[in-house]
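Working notes, beginning with the structure itself.
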Amino acid sequence: MNILCNFFDFIPKELKKFLQGLLSRVDGLHSILITDRDGVPAVHVANEKAPDLAMRASFLSTFGMATDQGSKLGLGKNNTIICMYSSYQIVQMNKLPLVVSFIASHDCNTGHILDLEKRIDPVLNQLKNAVADA
Amino acid sequence: MGCCYSFCKDDGSQQGGEANERTHLLADPVGSNTSIPRVHSDDYVNQYQNSAPKRTDEQSALNRILHETAANIIDVGALDSHNLEQHEYIERSRTYIKRIETSGIRVPDLSFCLLKDIPAPEKVLASATLNPVDKDLIMNFLHNSVLALENVQVEHKEDLVVPFLS
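Respectively, the protein sequence lines represent chains A and B.
Under my numbering, residues 11 to 144 are what the first sequence spells out, in order.
Under my numbering, residues 2 to 167 are what the second sequence spells out, in order.
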């Protein structure tokens, strides 16, 4: 993970600043991760309160499978899964081949997190090309 | 011996109708109807040309049904996460970062809030309302202040214009 942290130093500053801006906009939001469906991060920003366990690929990758199975329940395609824990909430959005994960405190306003979707969408469309062929 | 007899008897009376070593285990309407086709060799070609797509059509239809069913089944067992190898994880992540660097991503403007001087306006706006007791206190002070201001009167005891040199 430390090696990865060094990798992320090379992420374009504008992109990191943009995500950092989104992070600071929502009170209680700890981390934003843009990963592939296996949980490998393409970009991520986090503050010191973000739990390490929730940022691991083994945790993030479960969404890819859960959203596939959830889409078979007869209510159409699954777009977002919100998981509430005792201290945290995880909001994950299906933007395949990308997955956007928001990690926040349990009392964070979930509506504010969901509202970030339209802010982050233009960036995702550009990032998809980077992940699609890899 | 009895078996042999009955076999021979049946063989003579209704050839192909009873089960024997040449009978297909699965009912095949195409196979049962074509006992000895009396056709020319050219017709054989035509017949196979017609039947081959039929078979593939049937096979593809079955495959399609299989795939559709497999896709619609909610497979909880498939939820077991497969962990990536560490080196694969690092390699893939490195690839993504390189691609992001080279692609030159344009970032949209984030200034979507009118209250730019307040970093988290929703926190201020959503804060708890004022305590009614405090509100009454403030209102009382304000009311008294207004009253006091209204009652301010100038009582002049001396002349407004005073000669300096008398």
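Beta carbons: idealized from backbone N, C-alpha and C, even for Gly.
- Residue pairing from DSSP places Gln-99 of chain A in a beta bridge opposite A:Met-94 and A:Ala-114.
- Take Ser-128 of chain B, set aside five residues on each side of it, and no residue of its chain has a beta-carbon closer than 8 Å to its own.
- Per DSSP, Ala-56 of chain A is one residue of the beta strand (DSSP E) stretching across 51-56.
- The Cβ atoms of Cys-118 of chain A and Asp-37 of chain A sit closer than 8 Å to each other.
- At a C-beta separation below 7 Å, Arg-56 of chain B has no neighbours in chain A, since its nearest C-beta there lies roughly 31 Å away.
- Across the set A:Pro-51, A:Leu-39, A:Lys-105 and A:Gln-99, the C-alpha of A:Leu-39 shows the shortest separation from the C-alpha of Asn-57 of chain A.
- Judged by beta-carbon spacing, Ser-68 of chain A lies within the 8 Å limit of Asn-84 of chain B, meaning their Cβ atoms are closer than that value.
- Judged by beta-carbon spacing, Val-101 of chain A lies beyond the 8 Å limit of Phe-73 of chain A, meaning their Cβ atoms are not closer than that value.
- In this chain, the alpha helix (DSSP H) harbouring His-122 of chain A covers 120-142.
- Here Asn-73 of chain B is exposed: its Cβ has fewer than 16 other Cβ atoms, across all protein chains shown, within 10 Å.
- Taking a Cβ-Cβ cut-off of 8 Å, His-40 of chain A has no neighbours in chain B, whose nearest Cβ is about 15 Å from it.
- Taking His-116 of chain A as the centre and dropping the five residues before and after it, the same chain places the C-beta of Met-94, Tyr-95, Ser-96, Ser-97, Tyr-98 and Gln-99 closer than 7 Å to its C-beta, in chain order.
- Look at Ala-121 of chain B: its C-beta is under 8 Å from a C-beta on chain A.
- Looking at the DSSP output, Ser-41 of chain A sits in a beta bridge with A:Ala-56 and A:Ile-113.
- Counted as a single uninterrupted DSSP element, the alpha helix (DSSP H) harbouring Thr-72 of chain A occupies residues 72-80.
- About 4 Å separates the beta carbon of Arg-100 of chain B from that of Ala-140 of chain A, a gap short enough to meet the 8 Å contact definition.
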